[in-house]
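S.K.: What follows is a structure written as structure tokens; I'll ask about it next.
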Ligand SMILES: NC(=O)c1ccc[n+]([C@@H]2O[C@H](COP(=O)([O-])OP(=O)(O)OC[C@H]3O[C@@H](n4cnc5c(N)ncnc54)[C@H](OP(=O)(O)O)[C@@H]3O)[C@@H](O)[C@H]2O)c1
């Protein structure tokens, strides 16, 4: 069988803020045979994730754990798709699968080497797109990072940065379910309203309108921060550390402000860390892979009960992948950024 496939590639390594001109759409013919041992998938949704930018750089600490993106070649990403042809017993034509696919219209995978690939129960009642956000890696990141790394206790105070994003919006809602007081920050008034009015945050602020982040956090946390869920880095981390309580925990999930501008790297006051006995722990979603199904079952139950709202931001067609990706670094997405391909 042969299918025409189009995929998105970077033209060159990307340093600094990405622009749509860094990308190109390429075409190829994909050949699949029953002897190949492979599964051919028509991709329905692909995930747009901030970490991809670090993969596009010539050098990055992320390269220790995730593959480098090679200019001109397809870009692996999480996706959901429908099996078109299969050379494996496990997968049948018409099955819906979720896992590591690519920013392309068709992907082939080998079940024995593919990551996080699983069949999706299409009768679950959840939109398939949730497999890439709340019921996928964002959910695993938010749940593992909050419960396993931050270890919340009832009554504690929680600060979440990039709080209207895919991970942050879940963390804030989990913090409320855990009996914490939660404040989030985001980059527009509309996002701030969403956090307070729909997602149940106790308070929220627009960090772009705060000339002094330390003072803003002091205002929102007069009794200090017990848990900081870090998505941003730079000055936000410095300001949060200055407002942490003794034995505070910082879950370092991401530092998106530093992905585009390494010059903004945080210079935390380590005396704060010492004298307040603060725990600063980085983590990776994959640290919780063995608990993936456990976590997503819990989150799925909360969604069904109306305790957790899922926010998505969906663009259409392969051509929009570059602009969807660029939007992440301009704060133009609200919730999980995805592209619907079919
Ligand atoms: N450790 C892991 O395994 C893991 C897994 C998934 C994600 N992450 C990290 O978690 C963070 C959130 O990821 P996500 O997928 O949920 O993305 P997201 O929050 O849905 O989208 C990114 C958001 O970051 C904010 N942002 C962008 N540039 C910024 C800047 N210079 N300063 C402050 N805020 C900025 C923007 O919102 P505003 O309007 O608020 O500016 C933007 O909407 C990222 O740092 C990501 O790398 C880590």
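Residue numbers (the UniProt record's numbering): 1 to 342. Glycine is no exception: its CB is placed at the ideal position from the N, C-alpha and C atoms. Nothing here was measured: the structure is a model prediction, and the numbers come from that model.
(1) Can you say whether residue 115 is buried or exposed, counting buried as having 16 or more other CB atoms within 10 angstroms of its CB?
(2) What residues are listed by DSSP as bridge partners for residue 42?
(3) Tell me, which residues are paired with residue 185 by DSSP?
(4) What span of residues does the alpha helix (DSSP H) with residue 239 cover, start to end?
(5) May I ask you to report which of helix, strand or coil DSSP gives residue 69?
(6) Measure the Cβ-Cβ separation of residue 96 and residue 132 and say whether it is below 9 Å.
(7) If we count the other Cβ atoms within 10 Å of its Cβ and call it buried at 16 or more, is residue 189 buried or exposed?
(8) Go through its chain and collect everything with a Cβ distance to residue 33's Cβ below 8 Å, but skip five positions before and after it.
(9) Restricting to runs no shorter than 3 residues, where is the beta strand (DSSP E) found entirely within the segment 7–38?
(10) Starting from residue 292, trace the beta strand (DSSP E) both ways and give me its first and last residue.
(11) Do residue 337 and ligand 1 come close, with the Cβ less than 8 Å from some heavy atom?
(12) Could I get the ranges of all uninterrupted beta strand (DSSP E) runs contained in the segment 138–182, with 3 residues as the minimum, in chain order?
(13) Whose CA, out of 76, 69, 278, lies closest to the CA of residue 105?
(14) State yes or no: is the C-beta of residue 163 within less than 9 Å of the C-beta of residue 185?
(15) Going by alpha carbons, who is nearest to residue 282 out of 259, 316, 333, 149?
(16) Who are the Cβ neighbours of residue 99 in its own chain at under 8 Å, not counting the five residues just before and after it?
(17) Say yes only if the C-beta of residue 138 is nearer than 8 Å to one or more non-hydrogen atoms of ligand 1, and no if none qualify.
(18) Apply the 10 Å Cβ neighbour rule to residue 138 and answer buried if 16 or more other Cβ atoms are within range, or exposed otherwise.
(19) For a quick check, are the C-beta atoms of residue 309 and residue 199 less than 9 Å apart?
(20) Please report the residue range of the beta strand (DSSP E) in which residue 340 lies.
(21) Run through DSSP, which three-state label would residue 113 get?
(22) Going by beta-carbon coordinates alone, are residue 304 and residue 94 separated by less than 9 Å?
(23) Just to confirm, is the Cβ distance from residue 220 to residue 146 under 9 Å?
(24) List the residues that DSSP assigns as beta-bridge partners of residue 100.
M.R.: The short version:
(1) Position 115 of the chain shown holds residue 115. Burial call: exposed.
(2) The count along the chain shown starts at 1 and reaches residue 42 at position 42. For residue 42, which the question treats as bridged, DSSP gives the partners 82, 106.
(3) Translated into the one-based positions of the chain shown, residue 185 becomes position 185. According to DSSP, residue 185 bridges with 205.
(4) Here the question's residue 239 lines up with position 239 in the chain shown. Element bounds for residue 239: 235–242.
(5) Position 69 of the chain shown holds residue 69. Coil at residue 69, not helix or strand.
(6) Counting from 1 along the chain shown, the entry for residue 96 is found at position 96. Counting from 1 along the chain shown, the entry for residue 132 is found at position 132. Not closer than 9 Å, so no.
(7) Along the chain shown, read from residue 1 onward, the residue named residue 189 stands at position 189. So residue 189 ends up on the exposed side.
(8) Here residue 33 refers to the residue found at position 33 when the chain shown is read from its first residue. Same-chain partners within the cutoff: 1, 87.
(9) 23–31
(10) Here residue 292 refers to the residue found at position 292 of the chain shown. That residue, residue 292, is in no beta strand (DSSP E); its alpha helix (DSSP H) goes 292–304.
(11) Translated into the one-based positions of the chain shown, residue 337 becomes position 337. Under cutoff, so the answer is yes.
(12) 157–160
(13) Residue 105 sits at position 105 when you count from the first residue of the chain shown. Of the candidates 76, 69, 278, the one whose C-alpha sits nearest the C-alpha of residue 105 is 76.
(14) Residue mapping note: residue 163 aligns to position 163 of the chain shown, counting from 1. Residue mapping note: residue 185 aligns to position 185 of the chain shown, counting from 1. Contact: yes.
(15) Position 282 of the chain shown, counted from the first residue, corresponds to residue 282. Residue 149 is the option with its Cα nearest to residue 282.
(16) Numbered from 1 along the chain shown, position 99 holds the residue referred to as residue 99. Only 78, 79, 109, 114, 115, 116, 117, 118 meet the Cβ criterion.
(17) For the purposes of this step, residue 138 is taken as the residue at position 138 of the chain shown. It does: the Cβ of residue 138 is within 8 Å (strictly closer) of some heavy atom of ligand 1.
(18) As a first step, residue 138 must be located in the chain shown, where it is residue number 138. So residue 138 counts as buried.
(19) If you number the chain shown from 1, residue 309 lands on position 309. If you number the chain shown from 1, residue 199 lands on position 199. Contact: yes.
(20) Walking along the chain shown from the start, residue 340 turns up at place 340. 336–340 is the extent of the beta strand (DSSP E) around residue 340.
(21) Residue numbering aside, residue 113 sits at position 113 when the chain shown is read from its first letter. Reduced to three states, the DSSP call for residue 113 is coil.
(22) If you number the chain shown from 1, residue 304 lands on position 304. If you number the chain shown from 1, residue 94 lands on position 94. Against a cut-off of 9 Å, the Cβ pair of residue 94 and residue 304 comes out as no contact.
(23) As a first step, residue 220 is located in the chain shown; it is residue number 220 there, counting from the start. As a first step, residue 146 is located in the chain shown; it is residue number 146 there, counting from the start. Not in contact: residue 220 and residue 146 (Cβ atoms no closer than 9 Å).
(24) Counted from its first residue, the chain shown places residue 100 at position 100. Note: residue 100 sits in a beta bridge opposite 78.
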